[in-house]
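Novice: Each residue of the sequence shown is one higher than the last, beginning at 15 in my numbering.
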Amino acid sequence: MWLRRFCLWTLPLAAPFMAAAGPAHAQEPTPAGTHVEGVAAEAAASADARRENVRGDETFQSRYTCVSPSGAADEAPIVCEGRISPVLPELYFSLSWRLDEFGDRAVDTVHIRRKGEVEAFQTIENVASHAAGQIPGNGFELIDVNFDGYHDLRLIAEGTAGPNVLYRNWLWAPDEEIFVGNAALDEIVSPEFDPETQEIVSRWRSSAAQGGVDIYVWEEGQTVLIHRETDGYAGPSACTRTFFDRIDGELRETGTGTCG
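(1) For the beta strand (DSSP E) holding A248, just list the boundary residues, first then last.
(2) Can you tell me where the beta strand (DSSP E) with A187 in it begins and where it stops?
(3) Please confirm whether P103 and R77 have their CB atoms less than 7 Å apart.
(4) Do A145 and R119 have their C-beta atoms within less than 7 Å of each other?
(5) Are the region 211 to 219 and the region 181 to 195 in contact at 8 Å, needing three or more beta carbon pairs?
(6) Helix or strand or just coil, what does DSSP make of P209?
(7) Helix, strand or coil for D200 per DSSP?
(8) Under 8 Å: do the region 151 to 159 and the region 130 to 139 share three or more Cβ pairs, one atom per stretch?
(9) Using the Cβ count rule (16 or more neighbours within 10 Å means buried), how would you classify E206?
(10) Indicate whether S110 and D122 have their beta-carbon atoms separated by less than 7 Å.
(11) Restricting to Cα atoms, I'd like to know which of I240, G117 and G269 is closest to I254.
(12) Going straight from the alpha carbon of E267 to that of V238, what length do you get?
(13) Does the beta-carbon of V159 have 16 or more other beta-carbons within 10 angstroms, so that it is buried, or is it exposed?
(14) What does the alpha-carbon distance come out to for the pair V231 and Q224?
(15) List, from N- to C-terminal side, the beta strand (DSSP E) runs of 3 residues or more that fit wholly inside the region 97 to 166.
(16) Taking buried to mean at least 16 other C-beta atoms within 10 Å of its own C-beta, is E226 buried or exposed?
(17) With C-beta atoms as the reference, is W184 less than 7 Å away from Y164?
(18) Which of the three DSSP states, helix, strand or coil, is assigned to A171?
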């Protein structure tokens, strides 16, 4: 699997070292181990199996709009509207907010109602979304995060100076017809969702000398880490990429190589 992932990403933190020292000298990668081909085949088969569990419309492309307050003095709620499925009514989201101690817009409550109805069918409290005022709608999105064919709700949890961004996520539960929070997904940094592979890709940085990529899948409603690549810099031209894969239910080191 590590060969498949080797060109998955290029870590931005390499730039300062490369600028100072020029091109890195090539190093021979260490073999990744004997389990890798089996892990890759298992991952592909699992993606096909997960796709069979789709209950909604996997091809649906959500469109949504938000109207944010005109300025700090405007205390009107953020109002967003959009669809999460082509067969469900359009939804209206009213985001109540305040300015926190840092001057960021803090969303505390979200009221959700269906088009044509006056009363909200769901109120989400303790939202804990903090974003700078220039970020539209506190990063409001309707996006299918669990690949079930229904779009879900997410807001920025907090912004950072670096690339690590956390979100607050609520997944649509079609049986209950409400949005349900998912604490495990909230912990995944800067998640990107790939419907083709049924994978969640997280690119993260822990320091100026280390960063990485994590790959997650959904299993029985839970996020499971199946692959990790970490880049560690020991100097301007010394970088080692280490590969980990989930084998027998555990994340194990499967190889090392140069940072490409």
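Yeah, the Cβ is synthetic: ideal placement off N, Cα and C, and Gly gets one too.
Source: prediction; values computed, not measured.
Specialist: This is what the structure holds:
(1) Locating residue 248 in the sequence shown gives position 234, counting from the first residue. Residues Q236 to G249.
(2) The count along the sequence shown starts at 1 and reaches residue 187 at position 173. Run containing A187: L180 to A187, per the beta strand (DSSP E) assignment.
(3) As a first step, residue 103 must be located in the sequence shown, where it is residue number 89. As a first step, residue 77 must be located in the sequence shown, where it is residue number 63. Cβ distance not < 7 Å, so P103 and R77 don't count as in contact.
(4) Residue numbering aside, residue 145 sits at position 131 when the sequence shown is read from its first letter. Residue numbering aside, residue 119 sits at position 105 when the sequence shown is read from its first letter. It is a contact, given that the beta carbons lie within the stated cut-off.
(5) No, because fewer than three Cβ pairs between the region 211 to 219 and the region 181 to 195 fall closer than 8 Å, the two stretches do not touch.
(6) Taking the first residue of the sequence shown as position 1, residue 209 is located at position 195. Three-state result, P209: coil.
(7) The count along the sequence shown starts at 1 and reaches residue 200 at position 186. For D200, the secondary structure class from DSSP, reduced to helix, strand or coil, is helix.
(8) Flag = no, the region 151 to 159 and the region 130 to 139 do not touch.
(9) Translated into positions along the sequence shown, residue 206 becomes position 192. Exposed is the call here.
(10) Mapped onto the sequence shown, residue 110 falls at position 96. Mapped onto the sequence shown, residue 122 falls at position 108. D122 is positioned such that its CB atom lies closer than 7 Å to that of S110.
(11) As a position in the sequence shown, residue 254 is number 240, starting the count at 1. Looking at the sequence itself, residue 254 is Thr, so the reference to Ile does not match. That would be G269, whose Cα lies nearest to the Cα of T254.
(12) For the purposes of this step, residue 267 is taken as residue 253 along the sequence shown, with counting starting at 1. For the purposes of this step, residue 238 is taken as residue 224 along the sequence shown, with counting starting at 1. Approximately 16 Å between the Cα atoms of the pair.
(13) Reading the sequence shown from its first residue, position 145 is the one you call residue 159. With 16 or more neighbouring CB atoms inside 10 Å of its own CB, V159 falls in the buried class.
(14) Counting from one through the sequence shown, the residue named residue 231 turns up at place 217. Counting from one through the sequence shown, the residue named residue 224 turns up at place 210. Using only the alpha carbons, I get a separation of about 24 Å.
(15) Every beta strand (DSSP E) of 3 residues or more that sits fully in the region 97 to 166 is shown, in chain order, as 105 to 113, 119 to 128, 136 to 138, 143 to 145 and 155 to 157.
(16) The residue labelled residue 226 in the question sits at position 212 within the sequence shown. According to the sequence as given, residue 226 is Gly; it is not Glu. Looking at its Cβ environment, which holds 16 or more other Cβ atoms inside 10 Å, G226 is buried.
(17) Locating residue 184 in the sequence shown gives position 170, counting from the first residue. Locating residue 164 in the sequence shown gives position 150, counting from the first residue. Against a cut-off of 7 Å, the Cβ pair of Y164 and W184 comes out as no contact.
(18) Here the question's residue 171 lines up with position 157 in the sequence shown. Strand at A171.
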